[in-house]
Amino acid sequence: MRRALWLLLLIALPAAAGKSCVDCHAGSAERSYALSKHGVIARIEAGRERRRTPDCGGCHGYEAKAPAPQHYVTKNSRNEAREQAGAACGACHSPRYVAEQLAAAQRGLAIGEMKRREAEAVVAAARKELKDAELAHIESLLATLRTEHLPNLRLGLAHQSPDYQWWLGQASLDGGLLRIKGALGEARRRDRRQ
Amino acid sequence: MRPRWLLIPVLLSLAGIAAGMAWVDWSKGGAGSGLYSREWQPDPVQAYWDPDRFYQPGQAIEGVYPADECIACHEALTPGIVADWRDSRHSKPAKRAPVACPDCHGADHQKLRMPTPEVCAACHGVQHEAFQSEKHYGFPSHALAMERATDSKHFVDKPKAETTACVQCHSVATKCDSCHTRHRFDAAEARRAEACTTCHSGPPHPDDETYFASAHGKRYLADAQKTDWSKPLRKGNYLTPTCAYCHMRNGQHVVADKSIWQFGLRQINPRNAENTVKRERWIEVCSDCHEREFSREKLAEMDRERARAWQGLNRTERLLRELRGEKALYPAAGERPPYPSDWMDRMFPKERIGFFEGQASSFYNVSPIERDYFEMWYFANLGAYKAAAHGAPELVQEGHAALAQAEKSIAAQAGQLRDMARVARPDPKALWLGGEYTEHNREHN
């Protein structure tokens, strides 16, 4: 009951306050969309009557005008969100194109997950070997990889922002991974010298 | 009497040149594209970014259709693109019949094509010719962007599911709708500053942030919605310059004809004959609004900014070369994964330090200090360069602070590496040569 109340508040309050999506989802979520071709066109053509490209609600299904405003997209319903988004794409893109893009995004994300798991395996080894002071740096690198680089990749793929996919996503994951390995490698060498 | 033996080296050289050309030709005949086309296969979505090379039409629908039938079906199936086309000049040109679906895509549904620049050139010949002329200037240029991407080591060697973002931006060479988005294809859209930001943003080329932070950009943001963007990019038509106004003088489809500093990627001589000509071209552009002396001084300021940046970069690059010479880099080239397709790297492992050794690929499979130098060169340096070029002094300061910070931290790491140079190196296999992604990449590129 308490949870349901919280949920109601979470949904109803922003809608009642006339808030837009980016009031809460500022930062990477907003920017990765704004830099995509969809976002660029939306920015250029703001104020035109016919909207050529989808805004947040256009894909994610948040409909502020409906009688009961709803967030379709929660952390537990990514698959549902993806299906909804796929349906939205069809207004302009062919089913083949949409399927190819979604499949490519899955493959891209799978690569990112491989990098994360490789990094986690290295950190697991480090936890057994290193003292707290040496470990702290490695843990913070892993945290950044998980909470920034990987989400950036996901946003880049979903919103079609090359910058978020590549420099802030894949290439940042590469940097995080090699720095984690480097830190453990250096610690092992220091250990040998003593 | 002529010495006949002279013929031998001449004939040998001729045969060598012919063999070389045949080899290049052969190397371009693989499943991928470019010089290493035999080393990789494209991800399926690459067909949409490089349609001329990879696109295959779908076979689901049979038949040959005239425009009105295409529209009748697609009005229901994909109403967005039909509405875009109706809004475009293609649907209602002044002095000719409409340019409709079959004119660009073909009429046979099983042989449809994704339009390439050559398709657009049938009507837009002047723009296409100007665009192709960029190739004379080499890279960086839009016209050579796709070749540049697919011929680079990290593109060839990375899993192709990872590199789809690369080809999205580099498709500016292979599709016109990077800038004039389908199906409206509006010149006015491409004149807007935002149009370039999908690709010209992010750590190595923050063109968007630096422009929008400049006086030009601030005025743009204030006035953009009330400006008439249908006017040509000529003197007097606009209150403030946009990307295209300066980089595509008078709307000419050439961005490479004024590139003095080569994207900030390498140190150049700003006063050589070629750059003197390019400098005059810039002054010509600026003179639409500014006095020539003012522009000349601004460009000289840029020369000084670049010289300052390269002092630090060159010092740091020297330091890295010294570390390489002292065998202090850890892991060294032989102790970390080689680039999958690089047999030279396997036989003669060598760290890539500096622009001419292919440093652009050295952001992975390298030691942390090399990655730090890569970021100093590619992120901090290019950030400072873009800020200086676009007139955002605060971001120039920020960029130079980042350069100084990187130099300091790299120097400190170098000290530690030297300190450890003689310590036995732990077996690199488990740490550097193993791991889920590393092993996957070894087999998949």
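If you're matching them up, the sequences are chains Z and E in order. Take the first sequence: its position 66, counting from 1, is numbered 66 in the numbering used here, and each next residue is one higher. Take the second sequence: its position 88, counting from 1, is numbered 88 in the numbering used here, and each next residue is one higher. In this text, a Cβ means the ideal position worked out from N, Cα and C, and glycines have one as well. Predicted model only: the values in this text are computed from it and were never measured.
8 Å Cβ cutoff, residue i in contact with chain Z
| i | result |
| --- | --- |
| residue 5 of chain E | no |
| residue 211 of chain E | no |
| residue 45 of chain E | yes |
| residue 202 of chain E | yes |
| residue 366 of chain E | yes |
| residue 84 of chain E | yes |
| residue 363 of chain E | yes |
| residue 248 of chain E | no |
| residue 436 of chain E | yes |
| residue 325 of chain E | no |
| residue 264 of chain E | no |
| residue 440 of chain E | yes |
| residue 459 of chain E | The requested residue 459 of chain E is not part of the displayed model; chain E covers only 1 to 445. |
Beta-carbon separation (whole angstroms), residue i vs residue j, contact threshold 8 Å
| i | j | result |
| --- | --- | --- |
| residue 385 of chain E | residue 256 of chain E | At roughly 16 Å, the Cβ-Cβ gap does not stay under 8 Å, so residue 385 of chain E and residue 256 of chain E are not in contact. |
| residue 281 of chain E | residue 298 of chain E | No, residue 281 of chain E and residue 298 of chain E are not in contact; Cβ-Cβ is about 14 Å, not under 8 Å. |
| residue 127 of chain E | residue 143 of chain E | That belief does not hold up - the Cβ atoms of residue 127 of chain E and residue 143 of chain E are roughly 12 Å apart, past 8 Å. |
| residue 32 of chain E | residue 23 of chain E | Contact flag wrong, Cβ pair sits at about 16 Å. |
| residue 88 of chain E | residue 186 of chain E | 7 Å |
| residue 201 of chain E | residue 208 of chain E | 4 Å |
| residue 174 of chain E | residue 52 of chain E | 6 Å |
| residue 170 of chain E | residue 145 of chain E | 4 Å |
beta-carbon residue i near the ligand FAD non-hydrogen atom, thresh 7 Å
| i | result |
| --- | --- |
| residue 181 of chain E | For the structure depicted, the ligand FAD is absent and the ligand set is empty, with no information on it obtainable. |
As assigned by DSSP and simplified to three states, the class of residue i
| i | result |
| --- | --- |
| residue 447 of chain E | With chain E covering 1 to 445 only, the question about residue 447 of chain E has no answer from this structure. |
| residue 35 of chain Z | coil |
| residue 408 of chain E | helix |
| residue 90 of chain Z | coil |
| residue 114 of chain E | coil |
| residue 179 of chain E | coil |
| residue 14 of chain Z | Below a pLDDT of 50, predicted positions are generally treated as unreliable, and residue 14 of chain Z, at 45, falls in that range; the measurement from the model is reported next regardless. Helix, per DSSP. |
| residue 196 of chain E | helix |
| residue 73 of chain Z | Residue placement at residue 73 of chain Z cannot be trusted, given a pLDDT of 48 that sits under 50; what the coordinates show is reported in the next sentence. Here residue 73 of chain Z sits in coil by DSSP. |
| residue 159 of chain Z | helix |
| residue 123 of chain E | coil |
| residue 352 of chain E | coil |
| residue 63 of chain Z | Low per-residue confidence applies at residue 63 of chain Z: pLDDT is 49, beneath 50, and the placement is therefore not dependable enough to give any value. |
| residue 367 of chain E | coil |
| residue 185 of chain E | coil |
| residue 403 of chain E | helix |
| residue 330 of chain E | coil |
| residue 187 of chain Z | helix |
| residue 45 of chain Z | coil |
Test: residue i CB closer than 8 Å to a CB of chain E
| i | result |
| --- | --- |
| residue 151 of chain Z | no |
| residue 131 of chain Z | no |
| residue 37 of chain Z | yes |
| residue 91 of chain Z | yes |
| residue 168 of chain Z | yes |
| residue 41 of chain Z | yes |
| residue 163 of chain Z | yes |
| residue 128 of chain Z | no |
| residue 174 of chain Z | yes |
| residue 97 of chain Z | yes |
| residue 100 of chain Z | yes |
Separation of residue j from residue i, as counted between CA atoms
| i | j | result |
| --- | --- | --- |
| residue 170 of chain Z | residue 112 of chain Z | 7 Å |
| residue 58 of chain Z | residue 130 of chain Z | 49 Å |
| residue 153 of chain E | residue 400 of chain E | 29 Å |
| residue 65 of chain Z | residue 55 of chain Z | Model confidence at residue 65 of chain Z stands at a pLDDT of 43, short of 50, so the residue's coordinates are unreliable; what they give is reported in the following sentence. Rounded to whole angstroms, residue 65 of chain Z to residue 55 of chain Z spans 15 Å at the Cα level. |
| residue 340 of chain E | residue 261 of chain E | 33 Å |
| residue 459 of chain E | residue 349 of chain E | Residue 459 of chain E cannot be examined here, being either before or after the span of chain E that is shown, 1 to 445. |
| residue 321 of chain E | residue 370 of chain E | 10 Å |
| residue 312 of chain E | residue 194 of chain E | 33 Å |
| residue 112 of chain E | residue 332 of chain E | 51 Å |
| residue 103 of chain E | residue 90 of chain E | 10 Å |
| residue 70 of chain E | residue 158 of chain Z | 30 Å |
| residue 145 of chain Z | residue 50 of chain Z | 40 Å |
| residue 310 of chain E | residue 394 of chain E | 19 Å |
| residue 43 of chain E | residue 104 of chain Z | 8 Å |
| residue 34 of chain E | residue 167 of chain E | 13 Å |
| residue 116 of chain Z | residue 419 of chain E | 31 Å |
| residue 26 of chain E | residue 18 of chain E | 12 Å |
| residue 157 of chain E | residue 78 of chain E | 37 Å |
Notebook entry, point to check: Quick one: complete beta strand (DSSP E) runs, 3+ long, within the stretch 4–78 of chain E?
Noted result: Look at the stretch 4–78 of chain E and you find no whole run of beta strand (DSSP E) that is 3 residues long or longer.
Notebook entry, point to check: Can you list the alpha helix (DSSP H) stretches of 4 or more residues lying completely in the stretch 209–258 of chain E, in chain order?
Noted result: For the alpha helix (DSSP H) assignment, the uninterrupted runs of no fewer than 4 residues enclosed by the stretch 209–258 of chain E are, from N- to C-terminal side, 215–223, 243–247.
Check: Where in the stretch 254–310 of chain E do unbroken runs of the beta strand (DSSP E), each at least 3 residues long, occur, reported from the N-terminal end onward?
Finding: None, since the stretch 254–310 of chain E contains no complete beta strand (DSSP E) of that length.
Next item on the list: Run through the stretch 413–443 of chain E for me and flag every whole alpha helix (DSSP H) of 4 or more residues, listed as ranges in chain order.
Entry: If one requires a minimum length of 4 residues, the alpha helix (DSSP H) runs lying completely within the stretch 413–443 of chain E are 436–443, in chain order.
Checklist line | Segments of 3+ residues assigned as beta strand (DSSP E) that fall wholly inside the stretch 132–162 of chain E | finding: You should have found no qualifying run.
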